[in-house]
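Residue numbers (this note's numbering): 97 to 386. Only one structure is covered here, and it is reproduced in the block below.
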Ligand code: DO4
Ligand code: MG
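Written out as structure tokens, the structure is:
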């Protein structure tokens with residue numbers, strides 16, 4: 097978060113109290129806790145015991161990206177809903193009826209792709225952009241895993257894997273262009289420490305899209321519908337790879353707006369996971385208005 101002069105990391109407790117912490121990077125909590133021989137939660141409890149909480153509500157604060165993730169990776173076709181949506185948009189239908197999406201949904205090896213880097217990733221309330229060469233763009237609301245370079249899942253966040261369905265559907269080899277451009281990924285608003293989550297396969301994800309302040313899309317899904325395990329996705333990401341502390345791995349989408357829907361300039365996207373918060377981003381078109 098940012099008090100307009102000095103960005104700080106803060107802990108939010110279950111009773112919604114906010115405690116600024118003496119570090120300015122989320123991963124420092126993980127490193128310092130390990131050094132102290134404590135779990136991150138116990139370490140934070142030691143830091144905040146006897147301290148005054150901030151006399152403010154979370155909604156009054158200017159929240160920044162909760163972690164400057166050097167890289168954001170993403171998993172694809174990990175939910176049946178995503179497989180159906182990819183099959184709907186693809187023009188690359190095979191004679192035997194099996195698409196590459198059917199194959200990857202059932203294969204041992206999952207689809208994992210590089211989604212974003214720190215300079216392309218935005219946080220809460222920052223605009224996500226629309227590509228100028230696509231007419232079919234949607235948010236993909238996803239649970240994000242915050243991992244160490246060894247692949248340990250230390251936290252959960254929310255991610256938006258902005259996607260161009262027409263570019264992706266034209267040819268699977270266009271995936272990087274369908275997925276990566278300026279401000280095409282947002283994460284936040286917070287990181288839920290993994291040790292505080294009893295069952296990470298029971299996160300309810302809700303996406304709302306507003307146009308002229310009217311709700312035009314609202315859909316929900318649950319991570320229990322995920323075809324894969326988180327550790328399985330992480331193990332494929334880190335295999336023979338160079339992965340950095342604070343990498344975020346998005347776990348795929350099970351929310352797809354209606355097929356006739358495309359995002360427009362000035363829409364607003366909200367993605368909510370109650371245990372984590374609401375990630376809200378305005379949408380901006382990269383096409384100049386005349
Ligand atoms: O296969 C394309 C990517 C699919 C994706 O991003 C998802 O399932 O979330
Ligand atoms: Mg996705």
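For every residue, glycine included, the Cβ atom is placed at its ideal position computed from N, Cα and C. Everything numeric in this text was worked out from a predicted model, so none of it was measured.
Just how far apart, CA to CA, sit residue i and residue j?
{"i": "residue 100", "j": "residue 330", "result": "Residue confidence is low: residue 100 scores 49 on pLDDT, short of 50, so the model does not pin down where it sits. No coordinate-derived value is stated."}
{"i": "residue 271", "j": "residue 254", "result": "21 Å"}
{"i": "residue 195", "j": "residue 183", "result": "7 Å"}
{"i": "residue 324", "j": "residue 236", "result": "18 Å"}
{"i": "residue 301", "j": "residue 209", "result": "22 Å"}
{"i": "residue 326", "j": "residue 252", "result": "11 Å"}
{"i": "residue 222", "j": "residue 233", "result": "18 Å"}
{"i": "residue 249", "j": "residue 158", "result": "26 Å"}
{"i": "residue 103", "j": "residue 139", "result": "21 Å"}
{"i": "residue 388", "j": "residue 137", "result": "Residue 388 cannot be examined here, being either before or after the span of the chain that is shown, 97 to 386."}
{"i": "residue 265", "j": "residue 230", "result": "11 Å"}
{"i": "residue 308", "j": "residue 129", "result": "45 Å"}
{"i": "residue 343", "j": "residue 123", "result": "10 Å"}
{"i": "residue 348", "j": "residue 370", "result": "18 Å"}
{"i": "residue 176", "j": "residue 258", "result": "19 Å"}
{"i": "residue 211", "j": "residue 364", "result": "21 Å"}
{"i": "residue 141", "j": "residue 247", "result": "25 Å"}
{"i": "residue 332", "j": "residue 170", "result": "11 Å"}
{"i": "residue 105", "j": "residue 118", "result": "7 Å"}
{"i": "residue 322", "j": "residue 372", "result": "18 Å"}
{"i": "residue 108", "j": "residue 319", "result": "23 Å"}
May I ask you to check if the CB of residue i is nearer than 7 Å to at least one heavy atom of the ligand MG?
{"i": "residue 186", "result": "no"}
{"i": "residue 349", "result": "yes"}
{"i": "residue 336", "result": "no"}
{"i": "residue 207", "result": "no"}
{"i": "residue 265", "result": "no"}
{"i": "residue 238", "result": "yes"}
{"i": "residue 172", "result": "yes"}
{"i": "residue 393", "result": "What is shown of the chain runs 97 to 386, which leaves residue 393 out entirely."}
{"i": "residue 333", "result": "no"}
{"i": "residue 346", "result": "yes"}
Relative to the alpha-carbon of residue i, which residue among the options has its alpha-carbon at the smallest distance?
{"i": "residue 226", "options": "166, 143 and 362", "result": "362"}
{"i": "residue 282", "options": "349, 306, 298 and 214", "result": "214"}
{"i": "residue 111", "options": "130, 134, 121 and 154", "result": "154"}
{"i": "residue 360", "options": "199, 145, 147 and 380", "result": "380"}
{"i": "residue 185", "options": "369, 354 and 170", "result": "354"}
{"i": "residue 350", "options": "303, 372 and 146", "result": "303"}
{"i": "residue 374", "options": "198, 127, 201 and 238", "result": "238"}
{"i": "residue 243", "options": "273, 197, 334 and 146", "result": "334"}
{"i": "residue 197", "options": "217, 166, 268 and 216", "result": "268"}
Buried or exposed: where does residue i fall if 16 or more other Cβ atoms within 10 Å of its Cβ makes it buried?
{"i": "residue 188", "result": "exposed"}
{"i": "residue 205", "result": "exposed"}
{"i": "residue 275", "result": "buried"}
{"i": "residue 219", "result": "buried"}
{"i": "residue 316", "result": "exposed"}
{"i": "residue 203", "result": "exposed"}
{"i": "residue 261", "result": "buried"}
{"i": "residue 156", "result": "exposed"}
{"i": "residue 285", "result": "buried"}
{"i": "residue 228", "result": "exposed"}
{"i": "residue 132", "result": "exposed"}
{"i": "residue 296", "result": "buried"}
{"i": "residue 383", "result": "exposed"}
{"i": "residue 148", "result": "exposed"}
{"i": "residue 256", "result": "buried"}
Is the closest heavy atom of the ligand DO4 to the C-beta of residue i under 7 Å?
{"i": "residue 197", "result": "yes"}
{"i": "residue 137", "result": "no"}
{"i": "residue 253", "result": "no"}
{"i": "residue 307", "result": "no"}
{"i": "residue 304", "result": "no"}
{"i": "residue 150", "result": "no"}
{"i": "residue 182", "result": "yes"}
{"i": "residue 271", "result": "yes"}
{"i": "residue 178", "result": "yes"}
If you check the beta carbons only, do residue i and residue j fall under 8 Å apart?
{"i": "residue 163", "j": "residue 287", "result": "yes"}
{"i": "residue 278", "j": "residue 340", "result": "no"}
{"i": "residue 240", "j": "residue 345", "result": "yes"}
{"i": "residue 150", "j": "residue 125", "result": "no"}
{"i": "residue 377", "j": "residue 161", "result": "no"}
{"i": "residue 207", "j": "residue 168", "result": "no"}
{"i": "residue 181", "j": "residue 313", "result": "no"}
{"i": "residue 135", "j": "residue 328", "result": "no"}
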